[in-house]
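The next block holds one structure in the form of structure tokens; read it before the comments.
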Amino acid sequence: ACSAPPVGRDSFHLNIHGMSPFGAPQSARGPKERPPTVERTTYRPVPFPNVAPLVEPSKFGQTAPVSMQVSQYRAKARPATPEDFAKVFLVYTRDNPGLVMDILKERGFNKSKLGNYGTNSVVLQWVEFRRDADFRIVAKAKAKGTTYLVNHVKSLVMIDKSGLLEVIRGICGNRFPPPWFPLTFDVPEELHKLQHYALQHPEVRWIYKPRQGACGRGIQLLQRYDDVNLGTLPGVVQRYVTRPALIHQRKFDLRMYCLIARVDPLLVLYRNGFVRRSLAKYNENSQSMAVHLTNVSQQRKSSKPFADKQQDMVWSPEQMEEYFVESKAVAPGWFNQVLVPQMKSILMQLIEGSRKDIRPLRGCFQLLGVDILLTERMEPVLMEVNGQPAWKMATPWLKEVKTSLMNDAMDIVLWAHEVDGVDRLPYNSRTVDPKKFHVLIDEDLGFYYRAPEPPPAANSRPQKDRTRSGSRDPGGGKAVGTGTTGAGSAASALPQLAAG
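The sequence shown begins at 1 in UniProt numbering and counts up by one.
Structural data, given as structure tokens:
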């Protein structure tokens, strides 16, 4: 009798001839001798290889394993009808996608995949970054009988730090910088200009901002101007505003919104937002970015009991005005009568300066976040224009504000692009409601916003000329509550028509 061969290198050779490593043919072995069968489940590959296959179906639209996706949801599927493809949306974002999808579903839209719709459909694509927007489909949609909307405006350069600098320089020419924007240099291209100016003004403090970024990522306070060199990542170096207005000894800024609802013909609107406060007391020499930056992400990093303090981090504009009225810094009604017209005038100049870069591609729209800082003299200073404002809800009040903002913005966009079901004008050019959109430019009606004359200061007598010698401000006086910071006066040179 032959002994069983050892298990080793020859085992594989024996297996391919139908023999077991233990000497007996596999087909001749009894059921008890056979090794147990291991069930193996085949999964569809997921887009993120680092994610374990056994996961919950993602709320961001990622592919789930077949074993979970098919067995759990196929029974609920129903045949698609033509009505399902009349209005469809494609949402690709990680920033609160449920808010956008819920609002679109309320307006008769159904979720779809790219290309899974027919002619005479209305397709709305919402993406987080402009690089993900398919502008080729937008350009070809009209010829195919499809209305294709995308939430980004092609070639809008002012949402980039360097692009914003380019637009403002084009507006001002040799009078740069304007009263409402700090002195700024594009680096590393203008490194020599920065060094030359900094040597002549050693008292000036500087702050570096990367060309593209959000949530305060990459922003640094510079100890010395030569901290920036030719190896620095592309960005801007900006003169730091050393004397900001404070609320309870804390720095704050205002997040306002600008909606480009349509580019052909142009339709632009403004809306009030909210006040973001720092949780740390202001100290000009502090190296903590949470002292100097007010966005939620920076405050969350610096404060461990963040959940207990976040209710006090966000204020309404009415709360801000009430605080400054009590401290006798401004007069009642200052926000709506003075500050809002100033901010609208700044936006008018930015839009007019960007007109040459905006491609008239019908179907494009974009909601912009505009950040404004107030100096100790209550004068607005533009910090940046954000092309992807955050939709996260830090507080219940902020949830109410942003939900209302998105609802109104969608109504205006759908109305502006003549989508069925939106048959009324969702805004009023003469509105005084601070919680609604205010029109700035409507080329279809020939309307251009004109800043009203600022109210006279209390107990003041008219004077012929209050402009200081050598001042860059053509608007004249600087009295708090008069609103003459130069923003309104510069906008008066824009083409304007009275509201009809």
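Built from N, CA and C at the ideal position, the CB exists for glycine as well.
- By the CB criterion at 8 Å, L164 and E384 fall inside the cutoff.
- The beta-carbon separation of R262 and H417, rounded to 7 Å, stays under the 8 Å limit for a contact.
- DSSP places N407 inside the alpha helix (DSSP H), whose first and last residues are 396–416.
- Here R243 is exposed. Its C-beta has fewer than 16 other C-beta atoms within 10 Å.
- Judged by DSSP in its simplified three-state form, P389 adopts coil rather than helix or strand.
- When the Cα atoms are used, K111 and Y117 turn out to be separated by approximately 10 Å.
- Q366 sits in a strand when the DSSP states are folded into three classes.
- Within the same chain, no Cβ atom closer than 6 Å to the Cβ of S327 is found once the five residues on either side in sequence are excluded.
- A direct Cα-to-Cα measurement between Y257 and Q366 gives close to 10 Å.
- Taking one beta carbon from each stretch, the region 330–350 and the region 377–391 have 3 or more pairs nearer than 8 Å; the two touch.
- In the DSSP annotation of this structure, the continuous segment of the beta strand (DSSP E) that includes P210 starts and ends at 206–210.
- When DSSP states are grouped into helix, strand and coil, P244 belongs to the strand group.
- Non-local beta-carbon contacts of D186 in its own chain, meaning distances under 7 Å to residues more than five positions away in sequence, involve S162, L165, V236 in chain order.
- In the DSSP annotation of this structure, S162 is not part of any beta strand (DSSP E); the continuous alpha helix (DSSP H) holding it starts and ends at 161–172.
- Taking every protein chain shown into account, the CB of A143 has fewer than 16 other CB atoms within 10 angstroms, so this residue is exposed.
- Boundaries of the beta strand (DSSP E) around G273: 266–281.
- N110 is bridged by DSSP to V88.
- P360 sits exposed, since fewer than 16 C-beta atoms from the chains shown fall within 10 Å of its C-beta.
- Contact between the region 130–148 and the region 97–110 is not established, with fewer than three Cβ pairs separated by less than 8 Å.
- Taking 8 Å as the cut-off, the beta carbon of R276 is found closer than this to the beta carbon of M313.
- When only Cα atoms are considered, I219 and A245 end up about 21 Å apart.
- Judged by beta-carbon spacing, M101 lies beyond the 8 Å limit of L350, meaning their Cβ atoms are not closer than that value.
- If you draw a 10 Å sphere on the C-beta of D442, you find 16 or more other C-beta atoms in it, and that means buried.
- Looking at V153, E352, D420, the one whose alpha-carbon comes closest to that of G170 is E352.
- If the five residues before and after D264 are omitted, its C-beta is found closer than 6 Å to the C-beta atoms of P360, R362, all from its own chain and listed in chain order.
- Between V413 and L149, the CB-CB gap stays under 8 Å.
- Cα atoms of L267 and P396: separation of roughly 31 Å, rounded to the nearest angstrom.
- Between the C-alpha atoms of C364 and Q125 there is a straight-line separation of about 10 Å.
- Residue range 289–292 is occupied by the alpha helix (DSSP H) that includes M289.
- Scanning its chain for C-beta atoms nearer than 6 Å, with the 5 sequence neighbours on each side dropped, one finds around A141 the residues Y148, in chain order.
- If you check the CB distance, I207 and L222 come in under 8 Å.
- With distances taken between CA atoms, M406 lies nearest to L259 out of L259, L339, K87, R175.
- Here S155 is near D357, since their CB atoms are less than 8 Å apart.
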